[in-house]
Each structure stands twice: as structure tokens, then as C-alpha cells.
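Each remark here refers to the structure printed beneath this line.
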Amino acid sequence: MQIERIELDFVELPLKAPFQTSFGTELQKSTWIVTVLADGIRGYAESVADSEPLYSEETHASVFFAIKNHILPRLWGHDLGTPQDFQALVSPVRGNPMAKAAIEMALWDWFARSRNMPLWQLLGGDPQKQVIPVGVSIGIQESPDILVQVADKFLAEGYRRLKVKIKPGSDWLPLSRLRSHLGPDVPIMADANASYRLSDAGSLQQLDTLHLMMIEQPLAHDDIVDHAALARILATPICLDEAIRSDRDARKALALGACRLINIKPGRMGGHFTAQRVHDVAQQANIPVWCGGMEETGIGRAHNLHMSTLPNFLLPGDTSASSRYFAEDLIDPPFFLNPDGTLTVPAGIGIGVVPDVKRMAKLRTYHEELTPGPAASGSPSGHPVTF
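Each residue of the sequence shown is one higher than the last, beginning at 34 in this note's numbering.
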């Protein structure tokens, strides 16, 4: 296939409730929705970058710039026989994995649709894994008692695992209160989002008494060595997220003993191809993986569910129901939590969902169409452009 047109839509979805992490408090989800068009077929994906370079150095603005000026110029006019061909064409572009993933994952959707097959099949997923166990991520709460109330609500809805955001000064008290309330059998993990230093090992070691599933990315976002040192101190397994950008990173981390689990986010790692390779490295080392979430709309959520059908995704992911974050998703129908705490992989070809045209028009603040010609047409949709 040759890409005939790329559509970029910047959308803003209000969150149902504020979501607080060590980076700050989020009130809305904003993202680029990418549409790849060729031969009358459309493929969809979304960017997982944020407005500010806090979780990652990438932002909405950098994704937009990289796609227009560095990624698409290397794709125009080239015949792509498989979605993997994308990697060779954009390999000279260093970094920018979120920008690359937004295009690459849309190509995977396009190729699956063009072959009249679901994305999980093209990815090599397990046909028996069509319902995916899921957990839920809980932001930092105002008090331990409020955390308990929020956790009770999500457990009553059926979620199989709780992930609690923590930071220095907001860790032991909320987590110990939650564990005391729920008892020893409810799976709980903590996500630090790289907010600790190795000198904080003593306070992290205190969490060992709570029998957590894991502590996710406690130290610096690009660190492996100090995580290996911390892993020798803690009884609680360390899971790496931000520090694993490639299969090379995964091999190094596992060789050093820096983690016992890996959080795979295709949209953060550069797309499905890299996510597959990290999955395979972990599987060969008997290290389980799970699929993290970035508050995706139903488009990104569908991609994550298809990826989760690979065999080594052995733990509940963060691919929660649409209603976890949004009163209204971009897709219709949205994703619903099954009574057994699972989400169903969308049936049909490709990712199995498409954006609702009316909702897209209502929620977008910018639209641009890019073609192989010298000019592109951008059109603000009557609102300030905030990316």
C-alpha cells in the first residue's frame, strides 16, 4: 500500500473526575487521533503524549511536528507491504516513539482491515484470549479514607486488581489503610511514576509488609542500574514502565535483575512492533508482562486489548472500561466491564471500532489533512488550539 492521506484530529475529552499522580492533576484527556487512508480503507490510532513533558519528553506539539516534518516525508511514495516496513523507513529518526506509534499503530489497523482480519490475528495473538482481565488505576486521593471509598467502588464494579498512584509522603499511610481494609487477598500494586530516589529505599522497603503485587517504576524514568540495586533490597517485585523503551532495554534490565515484571504500552514504545519484541524478550526470560494504560479513548483502548491477546500478557492490565474516565467516549458503543472483571476484545476486522463522526466533530479543536503534495490543509474547529 501507499499512504494517500493522513488525517490528524486533536480532541479533548473531559475526565469524569480529576486524576492525580506525582506529576500533577489532570482534568481532561487530550490527544491526536490519527487516520491513515489508502485504497478506500481507513486505519485508526491515537497518540499517548500529554500537553506537558512530565511523564515523557514528548508532547502534543512535538508529536504534531515530528509526524508532519520527519515521519510522513519518509513514508510518502513508498510501498508498504507489511506494517513492519514502517520501522525501516523511519529508523533514521531518533526517539519520538509516541509520534511514531501514532502512525505505526494506525498502519497495523489498516493492514488488518485490508486483509479482512482482526488485529489480534495479524499480531499473532491467542484466539482463545478474547476476554482480557483488567484492573483499574486510582489516582492520589485527599485522604486514606477517600482512597478506601474509591477502591470499594471499583471492586464492586468487578475490577480484578487495584493500582494506586503514590509519591514520597503519600505511600505508606494510604496503602497500609487500604490493605488493612481489604485484607490480604485483594491484588494491590503501587505506581510511583519515577518519583523516588535510591536514597528512599528505606521508605519503599516499608511497603514490603503490605504484600503488594509490585511497585511500578519507583526510580528515574531512564534508569536501570539503580533499579537493579533497589531490587536487591526489596522483597516486593519491581515492575519497569518508562525505563523500557525497546527490546534492548528489556534485555539489559533483565540481565541486571532490575525488574521481575514489565509494563508494556505500545503507544509509548513506538508501536506494536516494538511492543511485540519486548513481549518476546520477557517471555523467553519467564518474566510476565501486562498492558498499561494512558487514559486512552476507545481507539487506543482497542489497540491495547488486541495487543493483550499475546500469550505472555499474564496479569490484568489497565485497559479499564470507557466509563472509568469518560462520560462519553469517541466510540459507540463504548467499552463495558464484563461481570467477571474482563473486557472483550472488539470483534470484526482491524481494531474492531471506529470513531463516532458526530462525537469527533464535537470534541475536536483542530483538523488537518496531509497528502504527498507540497501543501496540507489545517482547519481550527472554532476553538483555541491548545496542543
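All C-beta atoms in this analysis are idealised placements derived from N, C-alpha and C, irrespective of residue type, glycine included.
Assuming residue i and residue j form a contact by the criterion Cβ under 8 angstroms, report the distance between their Cβ atoms to the nearest whole angstrom.
| i | j | result |
| --- | --- | --- |
| PHE187 | VAL169 | 5 angstroms |
| PHE346 | CYS324 | 6 angstroms |
| ILE100 | GLU79 | No, ILE100 and GLU79 are not in contact; Cβ-Cβ is about 12 angstroms, not under 8 angstroms. |
| ILE384 | ALA335 | 4 angstroms |
| ILE39 | VAL378 | The Cβ separation is near 26 angstroms, so there is no contact. |
| LEU122 | LEU108 | 6 angstroms |
| THR352 | GLY374 | Rounded, the Cβ-Cβ distance is 12 angstroms, inconsistent with contact. |
| ALA134 | PRO372 | Between PRO372 and ALA134 the Cβ distance is about 33 angstroms, and since that is not below 8 angstroms, they are no contact. |
| VAL311 | ILE277 | 6 angstroms |
| PRO270 | ARG301 | Not a contact, Cβ separation roughly 21 angstroms. |
Going by C-alpha to C-alpha distance, which of the options sits closest to residue i?
| i | options | result |
| --- | --- | --- |
| ALA380 | ASP351, LEU338 and PRO388 | LEU338 |
| THR54 | GLY383, ALA225, ALA291 and SER353 | ALA225 |
| ASP241 | ASP118, ILE266 and TYR88 | ILE266 |
| ASN421 | GLY158, PHE306, TRP143 and ALA283 | Any question about residue 421 goes unanswered here, given that the chain covers just 34 to 420. |
| MET138 | ILE332, GLU190 and THR342 | ILE332 |
| ASP313 | THR330, ARG281 and GLY300 | ARG281 |
| SER355 | ARG194, ASP42, PRO47 and PHE97 | PRO47 |
| SER89 | ILE179, GLN182, PRO130 and PHE368 | PRO130 |
| ARG194 | PRO217, SER203 and LEU206 | PRO217 |
| GLN161 | ILE382, LEU245 and LEU343 | LEU343 |
| ALA288 | ARG310, HIS260 and LYS200 | HIS260 |
How is residue i classed by DSSP in three states: helix, strand or coil?
| i | result |
| --- | --- |
| THR330 | coil |
| HIS416 | With a pLDDT of only 42 at HIS416, under 50, the local geometry of the prediction cannot be trusted, and the value read off the model is given with reservation. Residue state, collapsed to three classes: coil. |
| PHE43 | strand |
| ALA223 | strand |
| LEU105 | helix |
| VAL383 | Sequence inspection shows Gly at residue 383; the Val mentioned does not correspond to that position. GLY383: strand per DSSP, three-state reduction. |
| GLN120 | helix |
| ALA408 | Low confidence applies to ALA408: its pLDDT is 47, below 50, so where it sits in the model is not reliable, and the reading given next is rough at best. In the structure shown, ALA408 sits in coil (DSSP, three-state: anything other than H, G, I, E or B). |
| ARG397 | strand |
| GLN61 | strand |
| GLN317 | helix |
| ARG265 | coil |
| LYS285 | helix |
| ALA184 | helix |
| LEU294 | strand |
| PHE306 | helix |
| VAL81 | coil |
| PHE368 | coil |
| LEU252 | coil |
| VAL258 | helix |
| THR200 | For clarity, residue 200 is Lys in the given sequence; the question names Thr instead. LYS200 falls in the strand class under three-state DSSP. |
| LEU343 | coil |
| LEU215 | helix |
| LEU240 | helix |
Please state whether the Cβ-Cβ distance between residue i and residue j is less than 8 angstroms.
| i | j | result |
| --- | --- | --- |
| LEU152 | LEU113 | no |
| ARG212 | ILE221 | yes |
| ALA268 | ALA291 | no |
| GLU275 | ALA227 | yes |
| GLU45 | PRO51 | no |
| VAL81 | ALA132 | no |
| PRO388 | LEU363 | yes |
| ARG75 | THR68 | yes |
| ILE382 | MET34 | no |
| VAL181 | ALA223 | no |
In the DSSP assignment, what residue or residues form a beta bridge with residue i?
| i | result |
| --- | --- |
| VAL358 | Note that residue 358 is Tyr in the sequence shown here, rather than Val. BP columns for TYR358 are empty, so no partner. |
| TRP205 | Answer is none; TRP205 lacks a bridge partner. |
| ILE74 | ALA71 |
| ASN149 | Per DSSP, none; premise fails for ASN149. |
| ARG38 | LEU70 |
| LEU195 | VAL169 and ILE221 |
| GLN53 | THR58 |
| GLY350 | VAL167 |
| TRP323 | ASN296 |
| LEU403 | ILE39 |
For residue i, would you say it is in contact with chain B, using Cβ-to-Cβ distances shorter than 8 angstroms as the test?
| i | result |
| --- | --- |
| ILE74 | Absence of chain B from the displayed structure is noted, only one protein chain being present. |
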